[in-house]
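Worksheet: the structure to be examined is printed underneath.
Number of protein chains: 2
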Amino acid sequence: MNAADGVRRERLSWRLDRMAEFGARPDGGVNRQIYSDADRAARGELNRWAADLGLELYTDPIANQFFRLVPEGADPRLPPVVTGSHLDSQPTGGRYDGVYGVVAGFEAVAALIESGAEPKRPIEIVAWSNEEGSRFAPGCMGSMCFAGARSVADLADITDRDGLRLQDELDKTLASHPQMHERGFGLPVRAYVELHIEQGPVLEKLGKPIGLVRGIQGCRWFNVTVEGEARHAGTTPLALRRDALRAAVGYIDELQQALEDPDDVIRFTVGRFDVSPNAPNTVAERVGFSIDLRHPDDAVLEAAAARIGAILSLERGGCRATCERIFDHAPVQFDPDLFAAIGDEGRALDLACETLMSGAFHDALFMADHCPTAMIFVPSQDGISHHPSEFTALSDLYDGARLLTRVLEKVAGP
Amino acid sequence: MNAADGVRRERLSWRLDRMAEFGARPDGGVNRQIYSDADRAARGELNRWAADLGLELYTDPIANQFFRLVPEGADPRLPPVVTGSHLDSQPTGGRYDGVYGVVAGFEAVAALIESGAEPKRPIEIVAWSNEEGSRFAPGCMGSMCFAGARSVADLADITDRDGLRLQDELDKTLASHPQMHERGFGLPVRAYVELHIEQGPVLEKLGKPIGLVRGIQGCRWFNVTVEGEARHAGTTPLALRRDALRAAVGYIDELQQALEDPDDVIRFTVGRFDVSPNAPNTVAERVGFSIDLRHPDDAVLEAAAARIGAILSLERGGCRATCERIFDHAPVQFDPDLFAAIGDEGRALDLACETLMSGAFHDALFMADHCPTAMIFVPSQDGISHHPSEFTALSDLYDGARLLTRVLEKVAGP
């Protein structure tokens with residue numbers, strides 16, 4: 001029996017529906033913040049699935065979850081082939097971003113077990129902690145720690161909007177699943193393959209079910225703080241104000257103009273904007289806003305970052321800005337052999353494939369520094385992601401899971 | 415004995431220190447939101463002070479507090495002279511805004527009692543509910559309801575940022591002080607005199623301790639909502655975005671330019687700006703922001719409001735804005751006789767007085783529709799208000815309370 005034929009549409013669909021119950025929003029979307037009750041419940045469900053499949057359960061100091069299959073006759077000392085993605089979502093998230101890669105990993109492993117395939121390497125499904133970074137910034141903490149790019153001690157004191165500390169919330173999560181075996185970061189990995197929705201419009205427009213991902217564009221995150229003075233809105237003439245909100249609006253306007261790109265390739269986004277005291281009749285004392293900057297070419301990113309720094313270094317309306325770079329990753333090219341192998345398996349399944357660069361970053365960005373890494377995309381309807389209306393057709397989800405199954409069998413194989 | 419001589423600096427200072435403990439911020443300021451635990455505790459302290467002075471305690475359906483003195487030989491059937499202000503503060507509030515007028519009322523009444531003054535009318539101290547409007551907008555709810563400008567039923571379903579309903583929080587507050595007698599809104603009042611810090615720089619600049627307030631400039635509040643679409647910040651080209659934050663920044667920039675006033679008399683403030691989902695890597699789906707607009711001339715306000723409406727009626731970057739007027743009050747002129755009487759008493763105390771227009775609105779704005787009304791200002795250091803560094807020297811606070819005592823004695827007098 002061909003292992004890919006063991007993938008079951010209904011079971012795949014059921015698994016996705018089940019996961020969408022954890023952190024379900026009334027509008028059909030998902031809000032599953034890292035280390036929240038909903039996240040812990042979702043982790044518990046994966047543990048049950050893994051136990052049903054007879055997998056070994058591991059976790060590490062950032063609470064990444066690993067579910068390990070040692071196939072009949074395989075050598076447990078060989079570095080495993082790893083697949084997976086993440087469970088955490090945006091506050092207004094959809095049902096597919098991240099969780100699809102984990103669910104498809106379970107479906108592929110189930111299919112491999114049922115087919116009696118006998119690859120010689122262990123296979124692991126991973127659910128990385130905190131890819132989104134929406135509760136505790138920055139994102140991709142789980143894969144960063146695993147690959148050695150950050151330490152948990154570095155991250156421990158980061159707080160969420162309610163002032164809760166990352167280490168405390170992480171400890172609660174670790175304590176809630178005592179049946180998982182603990183292990184360290186950085187274990188050798190034969191290959192990492194991540195299956196994910198595209199989160200962009202390309203595959204749908206081309207009518208192709210599979211994206212072969214060459215790499216990921218570079219990304220930098222900045223936190224900008226603008227300091228003014230709280231004043232009474234009714235009594236203070238404009239000339240005597242140092243209005244942090246007025247200054248922030250001016251900075252953002254100027255940044256947007258400076259980073260305009262006629263080819264529309266640069267991604268410049270201000271998505272977070274927090275005002276203190278945020279009262280209608282008080283001139284703002286402080287504004288914090290985020291900048292998310294991306295481009296496939298590192299030189300372009302560097303020049304854009306320099307312009308951002310120059311604009312924010314100038315006072316505006318008596319207010320000063322400070323700009324902290326909190327995340328920085330150069331563009332990444334995935335492993336050419338693994339990329340080619342995925343293409344071969346796609347053709348063997350007669351699936352139409354398109355080569356893409358990823359606009360979003362993923363845990364694969366950090367795993368690419370650790371081991372041969374590649375990604376597979378499936379289409380996103382209307383390119384929508386980070387939104388309850390995020391949707392991928394079951395036939396595309398099914399094709400992605402079948403391709404993943406073949407790739408795992410191949411790369412772990414004899 | 416002259417009643418004004420009964421005002422005690424130390425007791426006035428102690429009362430202000432005591433009130434600043436309720437909702438105290440670590441930076442020395444005050445965050446005392448309406449109907450909060452801190453607010454209820456502060457109300458309880460006033461009730462104790464009133465009981466110590468032998469005053470009658472009344473409340474009404476919006477939880478305004480009234481402390482009533484019926485002097486020896488006075489006619490309890492006559493409409494009272496009322497003085498006071500409010501206890502609630504901005505989130506980053508100071509120790510004087512509002513609470514000074516209430517505290518000075520207690521000091522004046524204590525001085526009147528001790529002096530054996532025998533005015534023929536009752537005197538009441540009032541602490542109005544929710545002048546600031548920072549938890550439940552709009553402000554001045556207590557005086558609005560008292561004067562018949564709004565009903566509690568109108569306001570009951572307003573929610574705070576945590577989704578708590580005004581009526582529920584109000585009910586909790588009413589239930590927490592069962593010893594207060596209930597009475598209705600709109601009782602006849604002989605005169606209302608409100609003592610307040612200036613919250614602006616004029617008196618300090620002129621070196622004068624007393625402001626005689628002619629009236630209050632007009633004020634309008636708007637809530638603006640900008641609707642876009644949540645999209646992934648890394649994958650969505652600018653051309654395919656409907657970015658509510660980008661649009662909101664553009665609207666605010668255009669509004670600021672359109673309302674520029676060479677004489678710097680118009681007050682235009684955006685103090686609140688809330689983004690959804692407010693995540694660094696998601697294009698904003700929705701932004702809500704406030705507009706606070708003020709001017710002494712109603713025709714100017716009307717023209718400015720029309721420009722605001724015109725600017726917000728145009729789509730921006732694929733986003734639509736809606737603009738709701740949530741508060742509107744024309745400029746008010748205070749009662750000329752009461753204004754003149756306050757000036758006379760100020761001169762009798764040999765205090766240098768300056769005539770002013772109030773830039774801030776106050777409960778006096780609504781009381782002016784109900785009864786003869788006027789206000790007294792004392793200086794604000796550097797014009798600072800709505801901030802922990804808000805400060806007025808004790809000598810000025812003392813002079814204000816002495817003047818208030820004389821005015822109450824005079825207006826309630828034989």
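Going down the list, the sequences are from chains H and D. With this note's numbering applied, the first sequence covers 1 to 414. With this note's numbering applied, the second sequence covers 415 to 828. For every residue, glycine included, the Cβ atom is placed at its ideal position computed from N, Cα and C. Bear in mind that the values here come from a model prediction, so they are computed numbers and not experimental data.
Considering only beta carbons, the part of the stretch 579-612 of chain D lying closer than 8 Å to chain H consists of E612, in chain order. Following the DSSP letters along the chain, one finds D/M594 in no alpha helix (DSSP H), marked with neither H nor E.
Contact between the stretch 768-778 of chain D and the stretch 386-406 of chain H is not established, with fewer than three Cβ pairs separated by less than 8 Å.
Chain order gives the chain H residues near D/E699 as T92 and H387, where near means a beta carbon separation below 8 Å. Around H/F361, the beta-carbon contacts reaching into chain D at under 8 Å are G648.
For the pair H/E194 and D/D574, the Cα-to-Cα distance works out to about 43 Å. Under the three-state reduction of DSSP output, H/E204 falls in the helix class. Note: H/R220 is bridge-paired with H/L293 and H/D328 in the DSSP secondary-structure output.
Taking each of H/P71, H/F106, H/D157 and H/L112 in turn and checking the Cα distance to H/A3, the smallest one comes out for H/L112. About 15 Å separates the beta carbon of D/Y606 from that of D/V523, a gap too long to meet the 8 Å contact definition. Excluding sequence positions up to five before and after H/L301, its CB lies within less than 7 Å of the CB of G218, R220, L293 and H295, all in the same chain and listed in chain order.
Of H/S385, H/I311 and H/G98, the smallest CA-CA separation from H/C323 is found for H/I311. For H/T405, the enclosing alpha helix (DSSP H) stretches over residues L394 to A412. Counting every other CB atom within 10 Å of its CB across the protein chains shown gives D/W542 a total of 16 or more, marking it as buried.
Look at the stretch 642-674 of chain D: the residues with a C-beta under 9 Å from a C-beta of chain H are E643, A644, R645, H646, A647, G648, T649, T650, P651, L652, A653, L654, R655, D657, L659, R660, A662, V663, G664, I666, D667, Q670 and E674. With contacts defined by Cβ atoms closer than 7 Å, D/G420 and D/E528 form a contacting pair. Contact annotation: in the stretch 624-637 of chain D, residues whose CB is within less than 8 Å of a CB in chain H are Q631, C633 and W635. In this model, H/E72 and H/L203 are separated by some 38 Å (Cα to Cα).
Taking C-beta atoms as the reference points, D/N445 and D/P536 fail to come closer than 7 Å. Taking one beta carbon from each stretch, the stretch 273-286 of chain H and the stretch 241-254 of chain H have 3 or more pairs nearer than 8 Å; the two touch. Looking at the DSSP output, D/M789 sits in a beta bridge with D/E608 and D/V627. As for any alpha helix (DSSP H) of minimum length 4 sitting wholly inside the stretch 642-700 of chain D, the runs are 658-672, ordered along the chain.
Counting only runs that start and end inside the stretch 45-122 of chain H, the alpha helix (DSSP H) elements of at least 4 residues fall at 99-115.
Taking 7 Å as the threshold, the shortest C-beta distance from H/D264 to chain D falls below it. D/F687 has a beta carbon lying within less than 7 Å of a beta carbon in chain H. Taking the Cα positions, H/P119 is about 20 Å away from H/L187.
Going by DSSP, D/E545 is part of no alpha helix (DSSP H) at all; its letter is neither H nor E. Contact note: H/P26 does not reach chain D at a C-beta cutoff of 7 Å; the least C-beta distance is about 13 Å. For the stretch 700-719 of chain D, residues whose beta-carbon sits nearer than 7 Å to a beta-carbon of chain H comprise S704, D706 and R708.
Judged by DSSP secondary structure, H/L356 falls within the beta strand (DSSP E) whose first and last residues are C353 to S358. Under the DSSP assignment, H/A348 falls in the alpha helix (DSSP H) whose first and last residues are P336 to A348. When rounded, the separation of the alpha-carbon atoms in D/R628 and D/F753 is 7 Å.
About 6 Å separates the CB atoms of H/I376 and H/L404; that is less than 8 Å, so the two are in contact.
Interface criterion not met: the Cβ of D/T497 is under 7 Å from no Cβ in chain H. Following the DSSP letters along the chain, one finds D/L569 inside the alpha helix (DSSP H) bounded by residues V566 to L569.
Distance from the CA atom of H/D39 to the CA atom of D/F687, rounded to whole angstroms, is 29 Å.
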